[in-house]
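*Asks:*
There are 2 protein chains.
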Amino acid sequence: METRELRYFVAVAEELHFGRAAQRLGIAQPPLSRAISRLERRLGATLLDRTSRAVHLTEAGAVLLREARAALDAVEAAERRTRRAAQAGTGTAGVVLATKAGAAGELLAKLLDAYAAEPGAVPVDVLLCGVGEQERLLRDGRADVALLHRPFDSIAGFDAEELRTESQVLILPAGHPLTRRPHVRMDEATGIPGLPLPRWRGRDGTYPDGPGPEVRDHAQLLQLVALGRAAAVLPESCRSQLHDDLATVPVLDAPTVTTVIAWPPHSRSRGVAGLVRTATRL
Amino acid sequence: METRELRYFVAVAEELHFGRAAQRLGIAQPPLSRAISRLERRLGATLLDRTSRAVHLTEAGAVLLREARAALDAVEAAERRTRRAAQAGTGTAGVVLATKAGAAGELLAKLLDAYAAEPGAVPVDVLLCGVGEQERLLRDGRADVALLHRPFDSIAGFDAEELRTESQVLILPAGHPLTRRPHVRMDEATGIPGLPLPRWRGRDGTYPDGPGPEVRDHAQLLQLVALGRAAAVLPESCRSQLHDDLATVPVLDAPTVTTVIAWPPHSRSRGVAGLVRTATRL
DNA sequence: GGCAGCGATACCCCAGGGGTATCGATCCGG
DNA sequence: CCGGATCGATACCCCTGGGGTATCGCTGCC
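Chains as they are written, first to last, in our numbering: chain A, 1 to 282; chain B, 1001 to 1282.
1. I'd like to confirm the pairing. Which residues does DSSP put opposite residue 243 of chain A in its beta bridges?
2. How is the alpha helix (DSSP H) around residue 30 of chain A delimited, first residue to last?
3. By Cβ distance below 6 Å, which residues in the same chain neighbour residue 123 of chain A in space, the five residues on each side in sequence not counted?
4. Looking at the strands, I want to know which residues DSSP matches up with residue 100 of chain A.
5. For residue 1288 of chain B, which residues does DSSP report across the bridge?
6. Within the 8 Å Cβ cut-off, does residue 1162 of chain B reach chain A?
7. Are any of the Cβ atoms in chain A nearer than 8 Å to that of residue 1037 of chain B?
8. Looking only at its own chain, which residues have a Cβ that is under 7 Å from the Cβ of residue 1153 of chain B, when we skip the five neighbours before and after it?
9. Looking only at its own chain, which residues have a Cβ that is under 7 Å from the Cβ of residue 1029 of chain B, when we skip the five neighbours before and after it?
10. Spell out whether any CB of chain A is found under 8 Å from the CB atom of residue 1051 of chain B.
11. How big is the Cα-Cα spacing for residue 235 of chain A and residue 99 of chain A?
12. What is the DSSP secondary structure of residue 4 of chain A, counted as helix, strand or coil?
13. List the residues of chain B whose Cβ lies closer than 7 Å to the Cβ of residue 83 of chain A, in chain order.
14. How is residue 15 of chain A classed by DSSP in three states: helix, strand or coil?
15. Going along chain A in order, which residues have a C-beta closer than 7 Å to the C-beta of residue 1064 of chain B?
16. According to DSSP, is residue 1056 of chain B part of a helix, a strand, or is it coil?
17. Using a Cβ-Cβ distance cut-off of 8 Å, determine whether residue 14 of chain A contacts chain B.
18. I'd like to check one pair, residue 1105 of chain B with residue 1241 of chain B: are the Cβ atoms closer than 8 Å?
19. Alpha carbon to alpha carbon, how far is residue 108 of chain A from residue 250 of chain A? Give it in angstroms, no decimals.
20. Say whether chain B places a C-beta atom closer than 8 Å to the C-beta of residue 296 of chain A.
21. Going by DSSP, which residues form a beta bridge with residue 179 of chain A?
22. My guess is that residue 290 of chain A and residue 1265 of chain B are in contact by the Cβ rule of under 8 Å, so how many angstroms apart are they, rounded?
23. For residue 273 of chain A and chain B, any beta-carbon pair shorter than 8 Å?
24. Helix, strand or coil for residue 1248 of chain B? Go by DSSP, reduced to three states.
25. Closer than 6 Å by C-beta to residue 1077 of chain B: which residues in its own chain qualify, once you throw out the five before and the five after it? Chain order, please.
26. Note down, in chain order, each residue of its chain lying with its Cβ closer than 6 Å to the Cβ of residue 16 of chain A, except the 5 sequence neighbours on either side.
27. Can you check which of these residues, A:220, A:219, A:198, is closest to residue 210 of chain A by C-alpha distance?
28. Alpha carbons only, please: which of A:159, A:158, A:147 is nearest the one belonging to residue 165 of chain A?
29. For a quick check, are the C-beta atoms of residue 1115 of chain B and residue 1259 of chain B less than 8 Å apart?
30. Whose CA, out of B:1085, B:1276, B:1002, B:1061, lies closest to the CA of residue 84 of chain A?
31. If you run the structure through DSSP and keep just helix, strand and coil, what is residue 50 of chain A?
32. Taking residue 217 of chain A as the reference, which of A:40, A:138, A:130, A:38 has the closest Cα?
33. Secondary structure at residue 977 of chain B, three-state DSSP: helix, strand or coil?
34. Work out the CA separation of residue 1121 of chain B and residue 1091 of chain B for me, nearest whole Å.
35. Would you list the residues sitting across from residue 229 of chain A in a DSSP beta bridge?
36. Would you mind telling me which residues of chain B sit closer than 8 Å to residue 3 of chain A, beta carbon to beta carbon, in chain order?
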């Protein structure tokens, strides 16, 4: 199977419409129809049920859609990482580290400093991204290594080392009555009148239903809290980045958050290995 | 990048010789040279240093070799799993479970029985393989789910659930003086005169240096022990499969062995999900 | 210096990927 | 119930590019 065929199939499987898929691919519809038929013939499998009015995925088609996405990510990653390895000047290639914007601030700074001081250290580019994006960046090769936060981020499919575990705190506008409490419980944090917890954007770009404002990164969230429109429960290390217009209260029964450094299992290059070693010794 | 180009590059990178690589690929040498040049031009990267006497990988080439192998595995897996999903009769596709031949005997039997009794269970094919092969089978799609044993097998890149943890025992021919001991230490087990521990075959098909016979699965190993040519340290659950010509002694300081059920992170199909659910409830 | 080994180049052929025109089936509005 | 709109499949054509053979140019080596 050629990657072109996989790309074609994914386009059709996502659009469920040969015409639109062809348009998206920048080709005409007939060659696309032919390519899919040929793919089906070679696989000995019907991938799509087509009536002349609608297209549906068969069970085999659903399997191929999942697998093809993973395979195309892997091919894309190969291309990107090779390009980066080549262009990073003659000599040792750099490494791209992905982390959530606004999270893991001092840990990240310490890691970068400590690693830069190592002998044989390689240049590190930091890629700040939205919540939940790191997984995709690692998978398609835009990043080589990432800082993730369990249990929020999934480390499925990656190698990882734990760096730090911390408890969470409730973040409120300074002066809110609850800030005088020594600690709160989770059910108190979720039910503050007028200060709902926010809804985080999912990987697919949609937001869960419910009350609370929609947010996609920490800066947005903290601003909303400062404006008195929301409360937040975040790992306690975020306190170092708060202005004095925000106050924190420990949440006793919130799940603890583990910061991990993760990388694709097959691509433990020298740069990644060094960064991981430095991180675990921090 | 097309998978053909990746296959071509991997062949050359492994052979470090255009002629042999072309032969392996079943094409002539000139088109292979051209394909690699074109790949290099498109990537904007030199992948191979070629003098007219020798070919070496550049740094970018080494990156691409690693990444290309992973990508080709993913493409191969896509093809195989789709074929299986299609041919598994009309209706629900089966699942292939990989496990080491001779290991996890009763656990496996219990799992298969319990799962088969579930409503909506899917046919399960069991694929018995050599030590350390499961990783490759999962990666290239010949298997969908596997029973692995940490710390011997790496679960890098897979999702996994722990099933059972057990300690290890020393296996000796019946009547050996050490069998009268209530327990032994690891350093005693490794130094038995005339009964060396075996050398396991690595993933690359080679054996580590040292004394001891070369083995690749449990059946071979147990036969060697029965013949008085080796001793073995194995998880205690293997006792249920020993004839009375073999005896066991607990090893106090051997690492504990955890049996896990693992699967590729993106491919949690209905069959795999059900099997994992059943396994964790066992 | 002649020779053997190896990758690159030159040149040719045709399979196949891509395009346009059109067909055939199906759904829908009137 | 009919005509038009929609959509995937088919027919046919063009030409890119993948694959082949012959050969060159370079490099070690006896």
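The beta carbon of each residue, even a glycine, is placed where N, CA and C say it ideally should be.
*Replies:* Reading off the structure:
1. Beta-bridge pairing links residue 243 of chain A to no other residue.
2. 29-43
3. Here the set comprises 94.
4. A:129
5. The structure shown does not extend to residue 1288 of chain B, since chain B is modelled only from 1001 to 1282, so the question has no answer here.
6. Judged by the 8 Å Cβ criterion, residue 1162 of chain B is not in contact with chain A.
7. So no, residue 1037 of chain B is outside the interface.
8. Within the same chain, residue 1153 of chain B has close Cβ partners 1132, 1134, 1135.
9. Sequence-distant Cβ neighbours of residue 1029 of chain B in its own chain, meaning closer than 7 Å and more than five residues away, are 1018, 1019, 1022.
10. no
11. 15 Å
12. Here residue 4 of chain A sits in helix by DSSP.
13. 1043, 1044, 1045
14. helix
15. 78, 82
16. strand
17. Interface flag for residue 14 of chain A against chain B is unset, since no Cβ pair is found closer than 8 Å.
18. If you check the CB distance, residue 1241 of chain B and residue 1105 of chain B come in under 8 Å.
19. Each residue's Cα considered, the two are about 23 Å apart.
20. Nothing can be reported for residue 296 of chain A: it is not among the residues displayed for chain A, which extend from 1 to 282.
21. Residue 179 of chain A is not bridged to any residue.
22. Only positions 1 to 282 of chain A appear in the structure, and residue 290 of chain A is not among them; the question remains open.
23. Not an interface residue.
24. Looking at residue 1248 of chain B - three-state DSSP - the assignment turns out to be strand.
25. Once the five neighbours on either side are set aside, the close Cβ partners of residue 1077 of chain B are 1140, 1141.
26. Excluding residues up to 5 positions away in sequence, 55 lie with their Cβ nearer than 6 Å to the Cβ of residue 16 of chain A in the same chain.
27. A:198
28. A:147
29. no
30. B:1061
31. strand
32. A:130
33. In the structure as shown, chain B starts at 1001 and stops at 1282, and residue 977 of chain B therefore has no counterpart that could be examined.
34. Because the pLDDT at residue 1091 of chain B is just 49, under 50, the model does not fix this residue reliably, and the value given afterwards should be weighed accordingly. Distance between the alpha carbons of residue 1091 of chain B and residue 1121 of chain B: 12 Å.
35. Per DSSP, none; premise fails for residue 229 of chain A.
36. 1001, 1002, 1003, 1075
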